[in-house]
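> Please find one structure pasted underneath; my questions will follow.
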Amino acid sequence: MSESKRVTLLVGSPKGLERGGSASLGRAVTGGLEKLGWECNAYHLHSAARSEDVMSELVMAIDQSDLVVISTPLYVDSLPAPAIHALHKIAAHRSNGNVVRVPRFFSIVNCGFVDPWQNGGAQNMLKLFCKQARLEPVGDISLGAGGALTKKARQALALVVTALDEGNRVPDRVKELTKRRIMPGFLYVLGGNFMWKRQAKRNGVRNQLKAQPYKRT
1392 MSESKRVTLL
1402 VGSPKGLERG
1412 GSASLGRAVT
1422 GGLEKLGWEC
1432 NAYHLHSAAR
1442 SEDVMSELVM
1452 AIDQSDLVVI
1462 STPLYVDSLP
1472 APAIHALHKI
1482 AAHRSNGNVV
1492 RVPRFFSIVN
1502 CGFVDPWQNG
1512 GAQNMLKLFC
1522 KQARLEPVGD
1532 ISLGAGGALT
1542 KKARQALALV
1552 VTALDEGNRV
1562 PDRVKELTKR
1572 RIMPGFLYVL
1582 GGNFMWKRQA
1592 KRNGVRNQLK
1602 AQPYKRT
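Numbered continuously in our numbering, the sequence shown closes out at residue 1608.
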């Protein structure tokens, strides 16, 4: 009987392994692989950045993995700072010359903007991380609107699971399915304005939304 293939999931959201869009998107991929017989370990990068014990366990898991999947939100135009700190530690460990296995690497970045291309800078950071950490990048997926699991997004993730299980690069079809906005820009602005008004009302400052406290008189 052949040994099960191993995947390590890294979640870059402060919400942890059980809540939030990043965890859900990561689990959509690793959960699909588990159904195909893979073994999965999952780690919260924020926890690893704070704990040497968790970091030691994490890098050991990566060293023994066939595949590493990271799922993280975009913070403005970058990755969350604790996630970056953890990735630096992983790269430092794996660049010491004693690492034998070179796992494949797949990245998922989601943002609150409607345009998935906003994730491009963060994806480039992760490509650089791959070089430093001796990982083989095999593709990525960028999702807008908070990583909403639309029909096309689910189709794309299914293609990702199949490709990763078969040892292939993620097909171009994945980006074709996810590169467009899932809603018109004016609806995004309308929804954003509604959210701000609702939060302002909840906090008793509904009549101060147009305040300009630093305006020169």
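For each residue, glycine too, the CB sits at the ideal point set by N, CA and C.
Taking the straight line between their C-alpha atoms, what separation do you get for Lys1542 and Leu1548?
Answer to the nearest angstrom: the Cα atoms are 10 Å apart.
> Quick one: complete beta strand (DSSP E) runs, 3+ long, within the stretch 1467 to 1549?
As far as the stretch 1467 to 1549 is concerned, its whole beta strand (DSSP E) runs of at least 3 residues are 1495 to 1501 and 1527 to 1534.
> Taking the beta strand (DSSP E) that Thr1463 belongs to, which residues open and close that run?
Its beta strand (DSSP E) spans residues Leu1458 to Pro1464.
> Looking at C-beta atoms only, is the number of pairs between the stretch 1479 to 1492 and the stretch 1515 to 1534 that lie closer than 8 Å three or more?
The stretch 1479 to 1492 is in contact with the stretch 1515 to 1534.
> Is the beta carbon of Gly1403 less than 8 Å from the beta carbon of Pro1494?
Going by C-beta atoms, Gly1403 is not nearer than 8 Å to Pro1494.
> Would Leu1400 and Val1552 be called neighbours here (beta carbons separated by less than 8 Å)?
Cβ distance not < 8 Å, so Leu1400 and Val1552 don't count as in contact.
> Let me know if Tyr1434 comes out buried or exposed under the rule of 16 or more other beta-carbons within 10 Å of its beta-carbon.
Label assigned to Tyr1434: buried.
> Tell me, please, which residues DSSP counts as bridged to Val1398.
Bridge partners of Val1398: Cys1431 and Leu1458.
> Measuring alpha carbon to alpha carbon, tell me which of Ser1415, Trp1429, Ala1414 and Pro1471 ends up nearest Glu1557.
The candidate whose alpha carbon is nearest that of Glu1557 is Trp1429.
> What's the gap between the Cα of Asn1501 and the Cα of Pro1604?
Going from the Cα of Asn1501 to the Cα of Pro1604 covers about 34 Å.
> I need the boundaries of the alpha helix (DSSP H) containing Lys1426, first residue and last residue.
Gly1412 to Lys1426 is the span of the alpha helix (DSSP H), which, as asked, contains Lys1426.
> Of the residues Gln1599, Gln1590, Arg1564 and Asp1506, which one's Cα is nearest the Cα of Leu1578?
When each option's Cα is compared against that of Leu1578, the closest is Asp1506.
> Which residues in the same chain as Leu1436 place their Cβ atom closer than 6 Å to its Cβ, once the five residues preceding and following it in sequence are excluded?
Around Leu1436: Leu1401, Gly1403, Ala1474 and Ala1477.
> Measuring only the C-alpha atoms, how far is Asp1454 from Asp1563?
Straight-line Cα distance between these residues: approximately 28 Å.
> In its own chain, which residues sit with a C-beta less than 6 Å from the C-beta of Ala1414, not counting the 5 before and 5 after it?
Hits under 6 Å: Val1402 and Leu1408.
> Alpha carbon to alpha carbon, how far is Leu1600 from Gly1530?
Cα to Cα, Leu1600 sits roughly 42 Å from Gly1530.
> Give me the Cα-Cα distance between Asn1594 and Ser1498, rounded to the nearest whole angstrom.
One C-alpha to the other measures close to 37 Å.
> Run through DSSP, which three-state label would Lys1601 get?
Looking at Lys1601 - three-state DSSP - the assignment turns out to be coil, as it is neither helix nor strand.
> Decide if Pro1575 is buried, meaning its Cβ has at least 16 other Cβ atoms within 10 Å, or exposed.
Pro1575 should be labelled exposed.
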